[in-house]
Structure formats: structure tokens, C-alpha cells
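Read the structure below first, then the notes.
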Amino acid sequence: MNSPLTWTTRPETTADIAAIREVNLGAFPTPLEADLVEALRSDPAWMPGLSLVAEAPDGTVAGFALLTRCHIDDSPALVLGPCAVLPAHQKTGAGSAVIRAALDAARDRGENLVTCLGHPEYYPRFGFTPASEHGIRPTFEVPDEAMMVLALDAAAPVPTGTIHYPAPFGV
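Numbering that gives the first Met the number 0 puts the sequence shown at residues 0 to 170.
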């Protein structure tokens, strides 16, 4: 049996789709993120195996992290998000476990760069740094410290330029 500090993570299956929607609906104040995940599933940016869940000890889906294809100008990269944890499981390590699993899966596929728009107090624990430090910027206004990137392969060059998100993001 898993303790709250040891989460089982795995790629989503079709059986998880409804539970993932419930995680996003529970974690966010509006259905925007849940709807975004569903829109991304049918977008060319979707990458099978890079939508991961964290299972609670009873086997239910408690957390979720998604990586989809984006570009820095013409260079392929990934965007992390949405990431969500059911309120009952927040602050138990479920989010960190599923994000680490998603980043490991991307690294195992040979991906180089992950972008993230998120809380600047949270994402640096995974190695994310301000995108502006790498000459990377979004197409919209956002606090500098909230737009971050993570190089998965320290030996690979980090592209510079503008982040181009998949169409479902609407930016």
C-alpha cells in the first residue's frame, strides 16, 4: 500500500479521462483547464504517454500533469500544464510526483525543453527558471517570474525566441 508520500504515477489510459476531468474541475475555480485538456486530446500537439496521473492508495486518480508540443520559434519544445491535484490530496506530494514523472517521460523521449506558466514559488523546485533568462518570451503579457523553462538535457542548446502554444490554449 502506498503512503501519502509515495505516489504511483503512470500514463493516462482512456479509463482515466473522466477522472482527469474531475481532478481539473476540483482543482480550479472554472472549467477552463478541464476543457483545455479535452481540446488538447484532439489536437496535433497531443503526445501519447505525456499525460500522466498520480494514483491515490485506493487506485483512484488524485493528480494529473500534461505535456504537449509547443515551439520556440521553429524549435520543438513542450508546455507543462494543466497540472492539478484533487483538493483532498493537495500538499501531500501527489503534484510533485506526477510532474516529476511527466518530466522524466519527456527526458526519456529525448525532449530538450519544457515551458511552464505557473506559480514562481512552486515550479523552481523542479529546475524551472525564468524564460527571459534564456531569451524566451510568450506572445502575451505575463509576470516575468511566472513564465519559466526547464532544459531537460543540459548538453543540448536551448533555443531562443517566442513561445508558440498549441491552438487550444487560445494565445
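Cβ atoms here follow ideal geometry from the backbone N, Cα and C, with glycine treated the same way. In this text, all values refer to a predicted model and were calculated from it rather than measured experimentally.
Q.
In the DSSP output, which residue or residues are listed as bridge partners for Ser74?
A. Ile71
Q: Specify the secondary structure class of Thr138 as computed by DSSP and reduced to three states.
A: Coil, per DSSP.
Q.
the ligand FMN and Ala83: does the residue's C-beta get closer than 7 Å to at least one heavy atom of that ligand?
A. You won't find the ligand FMN in this model; it holds no ligand whatsoever.
**Q.** Residue from Leu39, Ala33, Ala154, Val52 whose Cα sits closest to the Cα of Glu110
**A.** Ala154
Q) How is Glu110 classed by DSSP in three states: helix, strand or coil? A) coil
Q | Span separating the alpha-carbon of His70 from that of Thr59 | A | Taking the straight line from one Cα to the other gives about 33 Å.
**Q.** Three-way DSSP call (helix, strand, coil) for Pro158 in this model
**A.** coil
Q) Does the beta-carbon of Arg124 have 16 or more other beta-carbons within 10 angstroms, so that it is buried, or is it exposed? A) exposed
Q) Quick one: any contact between the stretch 22 to 40 and the stretch 78 to 91, if contact means 3 or more CB pairs under 8 Å? A) yes
Q. CB His133 to CB Thr159, shorter than 8 Å?
A. yes
Q. With DSSP run on the structure shown, which of helix, strand or coil describes Ala44?
A. coil
**Q.** Alpha carbon of Met0 to alpha carbon of Ala101, nearest angstrom
**A.** Confidence is the limiting factor: at Met0 the pLDDT is only 37, short of 50, which leaves the residue's position unreliable, though a coordinate-based value still follows. Roughly 22 Å between the two C-alpha positions.
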